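*Asks:* Quick one: the structure is below, questions incoming.
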Amino acid sequence: MNILTFDIEEWFHILDNPSTRTVNEWGNYESRIRADADRILAILCNHGQKATFFCLGWVAETCPDVIRAIVSQGHEVGTHSHMHQLVYEQQPADFERDLELSVKTLEDITGQKVKYFRAPGFSITKTTKWAFEILLKNGIEVDCSIFPASRAHGGFPSYKVSVPSIIKYNGLEIKELPINYRKLFGIPVIYSGGGYFRLFPYYFIKKWTGSSKYVMTYLHPRDFDTDQPVIRELSLFRRFKSYTGLRSAGKKLDRWLDEFEFVDVGTAVGHIDWNLVPQVHL
Ligand SMILES: [Zn+2]
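Structural data, given as structure tokens:
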């Protein structure tokens, strides 16, 4: 099962960097989300492919047409939070306020219930397990925030499961669709999204997808925007990660969609036998 998802945010929503951190800085940059989202929607339309879009409430507020276009083409909308802040830098009450606002903003535009969540930067970590209680309380049925490996920000390396699973925490349970990885020389390697997707030649992406039972993708509008301005303040390493492989990403996605079957989160959730998946006690 291959699940196709996009995180809908602007090209400047880069985490853990002072010049792009909050809404106070975002006003310094041009909006490109309309054209960037249209580019993705056109690729999906060509393939007759449906996907799940984890949208920022802030994007819904500033460019509601983007969300309307996504829904009108039959795609699913989940939330990627409202203000794109790292979960582990927030108090539970702040996280809940932000989540409520994103859910309300998206539901008002789509007329549909928001049931899926992905944290900015996969920033639900072992120190912020309380987030799962807040997600359930606010109507989220499926979380897609677990990145079961180490990562610059976020990541949950002690979550040893990289397939659909049930999280059990504090007497509650929530469905989890984590990012998948494959082990190379004993080291987990991610290839289904972000810089990793842009960096690896398609040869490897095809090979690894073909030999995986479960793939969870996470792509962004900026992964396909070859003309986006460069954020100069990023370190050399982060600039490499942020801007490498932009030119070939669209073609790679085209080939990926041609050669493999993908489903959206709702279809995946319906097909999984949740009685048989691993249960992870946090
Ligand atoms: Zn994001």
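With positions in the sequence shown counted from 1, the corresponding number in the numbering used here is that position plus 80.
We put the CB at the ideal spot given by N, CA and C, even for glycine.
Source: prediction; values computed, not measured.
Counting Cβ pairs, one atom from each stretch, are 3 or more of them under 8 Å apart for the region 252–261 and the region 212–222?
*Replies:* Yes: the two stretches touch, three or more of their Cβ pairs being nearer than 8 Å.
*Asks:* Note down, in chain order, each residue of its chain lying with its Cβ closer than 7 Å to the Cβ of Gly-325, except the 5 sequence neighbours on either side.
*Replies:* Result list for Gly-325: Arg-278 and Leu-279, in chain order.
*Asks:* Would you check if the region 293–308 and the region 108–122 touch, i.e. whether three or more CB-CB distances between them fall below 8 Å?
*Replies:* Contact between the region 108–122 and the region 293–308 is present, because at least three Cβ pairs lie under 8 Å.
*Asks:* By how many angstroms is the C-alpha of Ala-115 removed from the C-alpha of Ala-211?
*Replies:* In a straight line, the C-alpha of Ala-211 is about 33 Å away from that of Ala-115.
*Asks:* Taking only runs that begin and end inside the region 249–319, name each unbroken alpha helix (DSSP H) of 4 or more residues, in chain order.
*Replies:* 274–279 and 282–290, all fully within the region 249–319.
*Asks:* Taking 8 Å as the cut-off, is the C-beta of Leu-95 nearer than that to any heavy atom in ligand 1?
*Replies:* Yes, the Cβ of Leu-95 comes within 8 Å of a heavy atom of ligand 1.
*Asks:* Sorry if obvious, but does the Cβ on Asp-305 come closer than 8 Å to a heavy atom of ligand 1?
*Replies:* Checking every heavy atom of ligand 1 against the Cβ of Asp-305, none is found closer than 8 Å.
*Asks:* Say whether the region 311–325 touches the region 94–103, bearing in mind that this needs 3 or more beta-carbon pairs closer than 8 Å, one atom from each stretch.
*Replies:* These segments touch.
*Asks:* In chain order, what residues of the same chain have a beta carbon less than 6 Å from the beta carbon of Val-360, not counting five sequence neighbours either side?
*Replies:* Closer than 6 Å at the Cβ level, and outside the excluded window around Val-360, lie Val-241, Ser-245 and Ile-247.
*Asks:* Based on Cα-Cα distance, which residue from Ala-173, Val-146, Leu-179 and Gly-274 lies nearest to Met-163?
*Replies:* Looking at the Cα atoms, Leu-179 is the closest of the given residues.
*Asks:* Which whole runs of the alpha helix (DSSP H) in the region 121–166 are 4 residues long or more, in chain order?
*Replies:* Listed in chain order, the complete alpha helix (DSSP H) runs (minimum 4 residues) inside the region 121–166 are 137–142 and 144–152.
*Asks:* My output table needs one value for Asn-82: the three-state DSSP class, helix, strand or coil.
*Replies:* Correct three-state label for Asn-82: strand.
*Asks:* Residues with a Cβ closer than 5 Å to any heavy atom of ligand 1, in chain order?
*Replies:* Result (chain order): Asp-87, Glu-89 and Pro-200.
*Asks:* Can you tell me where the beta strand (DSSP E) holding Val-360 begins and where it ends?
*Replies:* Here the beta strand (DSSP E) through Val-360 covers 359–361.
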